[in-house]
Amino acid sequence: KLTQAKMAADLGVGIKTLSELYNAKRGISATMALKLSRYFGTTPQFWMTLQDNYDLYQAYLKEQKNIEQVPVLKQAS
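So the sequence shown is residues 16 to 92, counted in my numbering.
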């Protein structure tokens, strides 16, 4: 059975760090992406893409009104 304590020990991080990642209180760094990719047999790009998508979504939620006020550039014909 995989526990937070075992995973944290295997990754060489504290349980608090792993808990913060799980609860979206901490982002996935490049180093963590490398560790997670090795641990789970994925690619670092997988983990970085997850983080990028999360960051973009959070930024959109925070700035939605401002973003929607930016005009769309009309192409010259």
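For glycine and all other residues, C-beta sits at the position ideal for the given N, C-alpha and C.
Pick out whichever of the options has its Cα sitting closest to the Cα of residue i.
i   : options            : result
K40 : D70, G27, V85      : D70
K50 : N38, D67, V28, L65 : V28
N38 : A24, G56, Q66      : Q66
My assumption, with CB atoms under 8 Å, is that residue i sits in contact with residue j. Please give the rounded CB distance.
i   : j   : result
I82 : M63 : With 8 Å as the limit, I82 and M63 do not qualify as a contact, their Cβ atoms being about 23 Å apart.
I30 : A45 : I30 to A45, Cβ: 22 Å. No contact.
Residue j and residue i - do their beta-carbons sit closer together than 8 Å?
i   : j   : result
L12 : M22 : Because residue 12 is not part of the residues shown, which for the chain are 16 to 92, the question remains open.
L17 : Y54 : no
T74 : P59 : Checking the sequence shown, residue 74 turns out to be Ala, not Thr. No, Cβ-Cβ distance for A74 and P59 is not below 8 Å.
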